[in-house]
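Since the structure comes first, as C-alpha cells, the remarks are kept for the end.
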DNA sequence: GTGACTTATCTTGAAATCAAGATAAAATGC
DNA sequence: GCATTTTATCTTGATTTCAAGATAAGTCAC
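Protein chains in written order, with UniProt numbering: chain R, 1 to 182; chain S, 1 to 182.
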C-alpha cells in the first residue's frame, strides 16, 4: 500500500507527538479528504445540465418519491440534512426557476407542499442518467470487491453515526431543526 | 446487514427507475452521509476549547510541521484544500485572535510566513489530545477489523480521486488555486 | 537587460449556510 | 373551551466560502 497525503500527516504527528495514537485520525482523515475531492467530480456533470449540486439534490429527492412528486419542506430538509432556513432559501430559488411550486396543504394550514413542475421533472430526468453514469465511471477505477468491502464498512460506520445522532440529547439539540431523518 | 437511510433511497429509485443501477450511488451516498454526520461530533469538542473546526485545522497544520511552526499561505491552503481567498480570510481572523502572526519572507518578497504564536501553540496543544480521544471514542463503536478494512478501502478510493485530480486538465483548471497538495 | 510569463498573496462581490427567533396553526391538558 | 405546548415554516443577520481578478515580485527567453 503506497503512502498517501494522510500517511504523511500521520508521520508528522508521530514526529511531533510520539505518544499520540493516529489510528482514528487517519481513517476519518481519509473519509474527509475523499468527500472533499469527489464533490467537484459530480459538479462537473451537474453543470452540464445547468444545475448546482444542491439543486440536483432537492429535485432528485422529490423525484424519487414518485407521483405526485411532492413533499413538505420539513421532509425535504430532514432528508437533505440541512436547516429549515437553508431549505426556505433553496425552495425560493427553485420556485423562481420554475422547477417547483409551493402549494398550501389542504389538511394542515401550517404545512406547505413542495411539488415538482413539468419543467422540474424534465430537468431531473434528463440529468439523472448522466449523474449515475458519472458515479459509475468514477468508481470503475476501484476493483469491485474493494467497492463492496468499502460499502459494507461505510454501512457500519453510518449506523454508528446515526445511532449517536438519534441517542445523544445534547447533540440532538445542537443540531436544532436539522433532523437527519429520511 | 440492517437496511439504512441509503438503502431506502435506493429502493425508491428502484421503484421509480427500475433500469437504474444504484451500486455506485449507494456507496458514494454513504460516504457523503458519513462525512456530514461526523462533523458535528468533532465540533462538539472544538467548541470546548473555543475553536471552530477550520480554526483547529489551520492551527493543527502549522503545529504538525514542527518548529518554528511556520508555513506560507499557499502551503496552508493547499494542505487544507480551500481557495487562497478563503485562506486570507482565515489568517486575518486568526491573527486578530493572536494565535498566528504573518511575517514577510526574507528571500522572496511575494511570500509571507505564517507562524504560530505562543498563544496559538498553547491552544492547539491543549485541544489536540481531546480531539484525538474524541475520534477514538467515535470509532470505538466500530470493530477494529472493520475499521482496518474501511481504512484500506478508503486509501484506495482516495488514490483514485487524487489521481483524477492530478491528471485531469479540465478539472484541474476548474479547481483554480485550490491545489490539494500537502 | 527588457518584455512576457509565472507565482504568491490579497481584494471584491456574490452565494450558501447556519443559529436564533418570529409567526401562525394545531394538538394537548385540564 | 381556553391556556399551554408543540409543530411547521419563514425571516434575519452573521459567517464561511468561492470565483474572478488585482497587485506586485520573481523568472525566463532572447
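Cβ coordinates follow ideal geometry from the N, Cα and C atoms, glycine included.
### Query
Does the beta carbon of residue 59 of chain R sit closer than 8 Å to a beta carbon anywhere in chain S?
no
### Three-state secondary structure assigned by DSSP to residue 63 of chain R
helix
### Message
Determine, for residue 99 of chain S, whether the minimum Cβ-Cβ distance to residues of chain R falls below 8 Å.
### Response
no
#### Entry: Per-residue DSSP class, three states only, for residue 132 of chain S
helix
### Task
Taking only beta-carbon positions, decide if residue 27 of chain R is within less than 8 Å of chain S.
yes
### Message
Let me check one thing: in DSSP terms, what residues is residue 33 of chain R bridge-paired to?
### Response
BP columns for residue 33 of chain R are empty, so no partner.
### Message
I'd like to know if the stretch 62–70 of chain S and the stretch 115–124 of chain S are in contact, where contact means that at least 3 CB-CB pairs between them fall below 8 Å.
### Response
yes
#### Entry: Cβ of residue 153 of chain R within 8 Å of any chain S Cβ
yes
### Task
Check the Cβ of residue 135 of chain S against every Cβ in chain R and list those closer than 7 Å, keeping chain order.
24, 25, 28
### Extent of the continuous alpha helix (DSSP H) run through residue 102 of chain R
Counting along the chain, residue 102 of chain R falls outside any alpha helix (DSSP H), though it belongs to the beta strand (DSSP E) covering 100–104.
#### Entry: Cutoff 8 Å: residue 55 of chain R Cβ touching any chain S Cβ
no
#### Entry: Residues that residue 116 of chain S bridges to, as DSSP identifies them
S:100
### Query
Does DSSP classify residue 53 of chain S as helix, strand or coil?
helix
### Span separating the alpha-carbon of residue 148 of chain R from that of residue 47 of chain S
36 Å
### Task
Figure out for me which residue from S:135, S:75, S:121, S:120 has the closest Cα to the Cα of residue 112 of chain S.
S:75
### Reference residue 21 of chain S, options S:10, S:31, S:29, closest by Cα
S:10
### Query
Is it the case that the Cβ atoms of residue 81 of chain S and residue 36 of chain R are separated by a distance below 8 Å?
yes
### Message
Since residue 34 of chain S and residue 142 of chain R should fall inside the 8 Å C-beta cutoff, what is the C-beta to C-beta distance between them, to a whole number of angstroms?
### Response
Going by Cβ atoms, the distance from residue 34 of chain S to residue 142 of chain R rounds to 17 Å, so no, they are not a contact pair.
### Message
So, with DSSP's three-state summary, where would you put residue 3 of chain S?
### Response
coil
### Query
For the alpha helix (DSSP H) that contains residue 142 of chain R, what are its first and last residues?
From DSSP, residue 142 of chain R is part of no alpha helix (DSSP H); its letter is neither H nor E.
### Message
For residue 85 of chain R and residue 72 of chain S, I'd like the C-alpha separation in whole angstroms.
### Response
37 Å
### Query
So what's residue 80 of chain R in DSSP terms, helix, strand or just coil?
helix
### Task
Measuring alpha carbon to alpha carbon, tell me which of S:12, S:1, S:50, S:4 ends up nearest residue 127 of chain S.
S:50
### Task
Indicate whether at least one CB of chain S lies closer than 8 Å to the CB of residue 20 of chain R.
yes
### Query
Skipping 5 residues on each side, what residues in its chain have a beta carbon closer than 8 Å to that of residue 94 of chain R?
55, 58, 59, 100, 120
### Query
Is it buried or exposed for residue 96 of chain R, if we count other Cβ within 10 angstroms and need 16 for buried?
exposed
### Separation of residue 2 of chain S from residue 25 of chain S, as counted between CA atoms
18 Å
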